[in-house]
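One structure is given below, encoded as structure tokens.
There are 2 protein chains.
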Amino acid sequence: MALKIYFAGSIRGGRVDAALYRRVIQYLQREHRVLTEHVGDLKLSALEQGRDGDAAIYDQDTGWLRESDVLIAECTCPSLGVGYELAYAENLGKPCYIFYDRTKTQLSAMLTGDPYFHIIPYSEECEIFKALDQILQNP
Amino acid sequence: MALKIYFAGSIRGGRVDAALYRRVIQYLQREHRVLTEHVGDLKLSALEQGRDGDAAIYDQDTGWLRESDVLIAECTCPSLGVGYELAYAENLGKPCYIFYDRTKTQLSAMLTGDPYFHIIPYSEECEIFKALDQILQNP
Numbered sequence: 001m002a003l004k005i006y007f008a009g010s011i012r013g014g015r016v017d018a019a020l021y022r023r024v025i026q027y028l029q030r031e032h033r034v035l036t037e038h039v040g041d042l043k044l045s046a047l048e049q050g051r052d053g054d055a056a057i058y059d060q061d062t063g064w065l066r067e068s069d070v071l072i073a074e075c076t077c078p079s080l081g082v083g084y085e086l087a088y089a090e091n092l093g094k095p096c097y098i099f100y101d102r103t104k105t106q107l108s109a110m111l112t113g114d115p116y117f118h119i120i121p122y123s124e125e126c127e128i129f130k131a132l133d134q135i136l137q138n139p
Numbered sequence: 140m141a142l143k144i145y146f147a148g149s150i151r152g153g154r155v156d157a158a159l160y161r162r163v164i165q166y167l168q169r170e171h172r173v174l175t176e177h178v179g180d181l182k183l184s185a186l187e188q189g190r191d192g193d194a195a196i197y198d199q200d201t202g203w204l205r206e207s208d209v210l211i212a213e214c215t216c217p218s219l220g221v222g223y224e225l226a227y228a229e230n231l232g233k234p235c236y237i238f239y240d241r242t243k244t245q246l247s248a249m250l251t252g253d254p255y256f257h258i259i260p261y262s263e264e265c266e267i268f269k270a271l272d273q274i275l276q277n278p
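In the order they appear, the protein sequences are chains A and B.
Counting in my numbering, the first sequence runs without a single skipped number right up to 139 at its last residue.
Counting in my numbering, the second sequence runs without a single skipped number right up to 278 at its last residue.
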């Protein structure tokens, strides 16, 4: 069954991993629907849109969180928005899977210490896809 | 009346602003109690403590969030943990004040777009203390 996936990755926190996000999103899209496809757009603006413009983004993203079947987050690049989205999704009871490159960062204790989250440290990108195959069979 | 303040700042997301956190915490401590004083400790470890150690940090921090009267966040340095804490505090109905240096970063749309949060962009550090004087009179 095709799932509705909320993919979370850093936007204003930094776009250093944007190409990785795109590869993960494209992998997910082979069989599923990614609501947040724009997170992998290499030309996406990381500029503030004013309080009204940002409110529209917030309403859209929280709507997608409520609509989603599962949240997949790539957390190597620290991001306030992704941290917020994870707590929001937890509060809705959505399954949450957190990936991060253990050779590049130390994950927040607010994530690794929260027993609700599934944490998947990796050191090679191929490990992400292997784990996703398993997760998406039975999220 | 002395308030119990949860001060949120980046730890594993980066310690570039740790000295600023310390100055803000010391300012708050003149009349109030800061539950998370360690966030301003310049020698604080930013290393993962294993899933059990991180679970102890998570339990402590979420306990302090529940106990606090108000959350003050310095968000110039992106942080997954601070994003999580903000959503958690919002869910508890705690007043949340978010400071960031507008000359250094673009704040997440999940924060500026959320009408629940009080957002205070600044360009000079002295503006933080001026705003805190007002906030703490009537949080």
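Cβ atoms here follow ideal geometry from the backbone N, Cα and C, with glycine treated the same way.
Values in this document were obtained by computation on a predicted structure and should not be read as measured data.
Determine, using beta carbons only, whether residue i comes closer than 7 Å to chain A.
i, result
"residue 148/B", "no"
"residue 190/B", "yes"
"residue 197/B", "yes"
"residue 223/B", "yes"
"residue 165/B", "no"
Under 7 Å between C-beta atoms, does residue i make it to chain B?
i, result
"residue 13/A", "yes"
"residue 78/A", "yes"
"residue 54/A", "yes"
"residue 36/A", "no"
"residue 109/A", "yes"
"residue 88/A", "yes"
"residue 48/A", "yes"
"residue 5/A", "no"
"residue 103/A", "no"
"residue 29/A", "no"
"residue 114/A", "yes"
"residue 81/A", "yes"
Assuming residue i and residue j form a contact by the criterion Cβ under 8 Å, report the distance between their Cβ atoms to the nearest whole angstrom.
i, j, result
"residue 118/A", "residue 84/A", "Not quite, the Cβ-Cβ distance comes to about 18 Å (not below 8 Å), so this is no contact."
"residue 259/B", "residue 270/B", "5 Å"
"residue 210/B", "residue 228/B", "4 Å"
"residue 172/B", "residue 212/B", "Actually they are not in contact, since the Cβ atoms of residue 172/B and residue 212/B sit about 17 Å apart, beyond 8 Å."
"residue 179/B", "residue 157/B", "7 Å"
From which residue to which residue does the beta strand (DSSP E) around residue i run?
i, result
"residue 240/B", "235-240"
Sort out for me which residues DSSP pairs residue i with in a bridge.
i, result
"residue 73/A", "8/A and 98/A"
"residue 258/B", "237/B"
"residue 173/B", "144/B"
Give the residues of chain E in contact with residue i, contact being defined as C-beta atoms less than 7 Å apart.
i, result
"residue 235/B", "Among the chains of the structure shown, chain E does not appear; the protein chains present are A and B."
Which first and last residues belong to the alpha helix (DSSP H) in which residue i is found?
i, result
"residue 91/A", "80-92"
"residue 66/A", "50-67"
"residue 163/B", "157-168"
"residue 134/A", "126-137"
"residue 250/B", "248-251"
Would you call the region 154-166 of chain B in contact with the region 192-200 of chain B, where contact means no fewer than 3 C-beta pairs closer than 8 Å? Verdict: no, contact absent.
Contact between the region 71-81 of chain A and the region 5-13 of chain A: three or more CB pairs below 8 Å? In short, these stretches touch, since the Cβ pair count reaches three.
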